[in-house]
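**Q** Take a look at this one; I'll ask things after.
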Amino acid sequence: MMRLANKNAVVAADNRHAICRTNPVSLSDFTDKRREATRPLAFRGENFDRDFDSNTLFYDAVQVSKSQIALFAPPFFNLARDVATTTFISGAGTRKARARHLDRHAQLWLDIPENTGPVQALGDLGSFAFSVSPNFSEMFRDCRVIFTMSKDNPIEWILDWVRFNRDIHDADAVLIYDNGSSAYDSATLSAALRSVPGIRCSVVMEWPFKYGPQGANSWDHWDSDFCQLGAWEHARWRFLQHARSAMNSDIDELVLSKTGQSVFEAAEQSWTGLVRYRGRWIIGIDDGVRDEARAPHRHTDFSIFMPPKYERSRFAIRRDANACLPKWTVVPSRCPTHAQWHVHSIFSWWASYFCTGNFSFRHFREIGSNWKYQRTNRVPFDPSIHRADQALMDAFKRVDWEN
1 MMRLANKNAV VAADNRHAIC RTNPVSLSDF TDKRREATRP LAFRGENFDR DFDSNTLFYD
61 AVQVSKSQIA LFAPPFFNLA RDVATTTFIS GAGTRKARAR HLDRHAQLWL DIPENTGPVQ
121 ALGDLGSFAF SVSPNFSEMF RDCRVIFTMS KDNPIEWILD WVRFNRDIHD ADAVLIYDNG
181 SSAYDSATLS AALRSVPGIR CSVVMEWPFK YGPQGANSWD HWDSDFCQLG AWEHARWRFL
241 QHARSAMNSD IDELVLSKTG QSVFEAAEQS WTGLVRYRGR WIIGIDDGVR DEARAPHRHT
301 DFSIFMPPKY ERSRFAIRRD ANACLPKWTV VPSRCPTHAQ WHVHSIFSWW ASYFCTGNFS
361 FRHFREIGSN WKYQRTNRVP FDPSIHRADQ ALMDAFKRVD WEN
């Protein structure tokens, strides 16, 4: 039997700013079985096995309400039958779990009330025990929260992203899933967030799991990148249930409004509780005066649109291949329970099929670590195709970048 790892799910907190950890269970702690990939061998890259998460049974167990806990996990795949036989024993008695099988993500829900102590699991998969992480939704009650996943992004970039959303959209809370940064520790990041005026509360959620192999192209073989989808559902249920509204945004993305309205306000006033919007790339241009000594470059150093590239999609629809997939802002309490928070939409919710024209985001090509592909190659400025983004430059002027 796996011995219970006594982990503190809250590393540090002052009621307004916290560092949190998960209570995960790894297969290697109690069994020789592993999650097996479903992708055909012919479509696995050379680093597929290294990047694939075969070992995490679940990321965290969370007290999602006074009477229920939920286990957030990668998809079970070949382990599903063994997981289904598992019985969970706690101070509340013996329980069987209700499974939710979502896109690249799975959940087990159990009727276990608060303060019943560790949970013991027994079944064909083996025997293991785990502690339950506390719910932090009260911390973010009535807040306008920006949430993201980050790994080793310079803290200057993160703070610029926070300040922009504070001054342009009235964000007042931050939730960052740190995916194993080595450039700084969680305490350093948390202290930086705490220093930003106007931010009521923040959480640095340590999320040290494998991100997972990417798809073969824009639409094929997206089947093995479990990490962020698990984090988004975890964020929804552990932290954001009572948030006034929540914006899903990467550090290299800034949302602009055509009308001057906050994107949070738009979601709150929407009859669905959701706004979804498209994006455009912002690129660096080789103008002959590039300052390589300044590190890192900042969002405000860039304001040139990437030129569109029109081509036919696999459905023969003419589209801009250089456009960015949409992002979204939601009122969590108005999102259907069965829906899944996804990176570019909210699955199984009809309201997520539509995009508004009142908002769009800018995706900064050079605000990134090139972890997916090389993004910092520049081309010479060509006035016939390169156009400055005046709306972005106007928004920059409204931000207090120093405080």
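Under UniProt numbering, residues 1 to 403 are what the sequence shown spells out, in order. Where is the CB? At the ideal position from N, CA and C, for every residue including glycine.
Using alpha carbons as the reference points, say which of 116, 53, 392, 187 lies closest to residue 88.
**A** Nearest C-alpha to residue 88: 116.
**Q** Given residue 23, which residues of its chain have a CB within under 8 Å of its CB, disregarding the five upstream and five downstream residues?
**A** So the list reads 5, 7, 9, 60, 61, 130, 131, 132, 133, once near-sequence residues are dropped.
**Q** Spatial neighbours of residue 28 within its chain, please: CB distance less than 7 Å, with the 5 preceding and 5 following residues excluded, ordered by chain position.
**A** Cβ within range, chain order: 55.
**Q** On a CA-only basis, which of 47, 140, 103 is nearest residue 228? Give me that one, please.
**A** It is 103.
**Q** In three-state DSSP terms, what is residue 346?
**A** DSSP places residue 346 in strand when its eight states are reduced to three.
**Q** Can you find at least 3 beta carbon pairs, one from the stretch 252-262 and one from the stretch 355-362, that sit closer than 8 Å?
**A** They touch, by the three-pair rule.
**Q** Quick test of your reading: residue 352 and residue 240, contact by CB under 8 Å. State the CB separation rounded to the nearest angstrom.
**A** No, residue 352 and residue 240 are not in contact; Cβ-Cβ is about 17 Å, not under 8 Å.
**Q** Which value, in whole angstroms, describes the spacing of the CA atoms of residue 296 and residue 369?
**A** Taking the straight line joining both Cα atoms gives about 11 Å.
**Q** Helix, strand or coil for residue 63? Go by DSSP, reduced to three states.
**A** Strand.
**Q** Looking at C-alpha atoms only, which residue of 298, 262, 15, 385 is the closest neighbour of residue 144?
**A** If we check each option's Cα against that of residue 144, 262 comes out closest.
**Q** Suppose only complete runs of 3+ residues qualify. What are the beta strand (DSSP E) ranges in the stretch 7-72, listed by chain order?
**A** Runs of the beta strand (DSSP E) inside the stretch 7-72: 10-13, 17-20, 56-58, 60-63.
**Q** Any beta carbon from chain C within less than 8 Å of residue 331's own beta carbon?
**A** Note that chain C does not occur in the displayed structure, where there is just one protein chain.
**Q** Just to confirm the assignment, what range does the beta strand (DSSP E) spanning residue 402 have?
**A** Residue 402 -> no beta strand (DSSP E), and no H or E assigned at all.
**Q** Going by DSSP, which residues form a beta bridge with residue 257?
**A** According to DSSP, residue 257 bridges with 359.
**Q** Considering only the beta carbon of each residue, do residue 331 and residue 233 sit closer than 8 Å?
**A** Not a contact, by the Cβ cut-off of 8 Å.
**Q** Have a look at 202, 182, 323 and flag the residue whose alpha-carbon is nearest the alpha-carbon of residue 208.
**A** Of 202, 182, 323, the residue nearest in Cα terms is 182.
**Q** Among residues of its own chain, excluding the 5 on either side of residue 373, which ones have a beta-carbon nearer than 7 Å to its beta-carbon?
**A** For residue 373, the pLDDT reaches just 48, beneath the cut-off of 50, and the residue's location in the model is therefore unreliable, leaving the point undetermined.
**Q** Starting from the Cα of residue 378, find the closest Cα among 306, 152, 334, 106 and give me that residue.
**A** Checking every option, the nearest Cα to that of residue 378 belongs to 306.
**Q** Where does residue 339 fall in DSSP's three states?
**A** Residue state, collapsed to three classes: coil.
**Q** Give every residue of the same chain whose Cβ lies closer than 6 Å to the Cβ of residue 386, excluding the five residues on either side of it in the sequence, and list them in chain order.
**A** Same-chain partners within the cutoff: 304.
**Q** So what's residue 230 in DSSP terms, helix, strand or just coil?
**A** In the structure shown, residue 230 sits in a helix (DSSP, three-state: H, G or I).
**Q** Apply the 10 Å Cβ neighbour rule to residue 366 and answer buried if 16 or more other Cβ atoms are within range, or exposed otherwise.
**A** With 16 or more other Cβ atoms within 10 Å, it is buried.
**Q** Shortest alpha-carbon distance to residue 66 belongs to which of 395, 92, 210?
**A** Selected option, being the one with the closest Cα: 92.
**Q** So is residue 354 buried or exposed if we call it buried at 16+ other beta carbons inside 10 Å?
**A** Residue 354 is exposed by the Cβ-count criterion.
**Q** Around the C-beta of residue 327, are 16 or more other C-beta atoms found within 10 angstroms, so that it is buried, or is it exposed?
**A** Buried, by the Cβ-count rule.
**Q** Does the distance from the C-beta atom of residue 147 to that of residue 246 stay below 8 Å?
**A** Yes; because the gap between Cβ atoms is below 8 Å, this pair is in contact.
**Q** For the 8 Å Cβ check, are there 3 or more pairs between the stretch 166-173 and the stretch 196-204?
**A** Judged by Cβ distances under 8 Å, the stretch 166-173 makes contact with the stretch 196-204, as three or more pairs qualify.
**Q** Pick helix, strand or coil for residue 196, following the three-state DSSP scheme.
**A** Residue state, collapsed to three classes: coil.
**Q** In chain order, what residues of the same chain lie with their CB nearer than 6 Å to the CB of residue 139, ignoring the 5 residues before and after it?
**A** Cβ neighbours of residue 139 beyond the five flanking positions: 201.
**Q** Between the alpha carbons of residue 160 and residue 166, how many angstroms are there, rounded?
**A** Each residue's alpha carbon lies about 10 Å from the other.
**Q** Relative to the C-alpha of residue 284, which residue among 380, 226, 192, 395 is closest?
**A** The candidate whose alpha carbon is nearest that of residue 284 is 380.
**Q** Ends of the beta strand (DSSP E) at residue 328?
**A** From DSSP, the beta strand (DSSP E) with residue 328 extends over 324-330.
**Q** In this structure, does DSSP put residue 137 in helix, strand or coil?
**A** Note: residue 137 maps to coil in three-state DSSP.
**Q** Taking the C-alpha atoms as reference points, what is the distance between residue 214 and residue 249?
**A** Roughly 19 Å between the two C-alpha positions.
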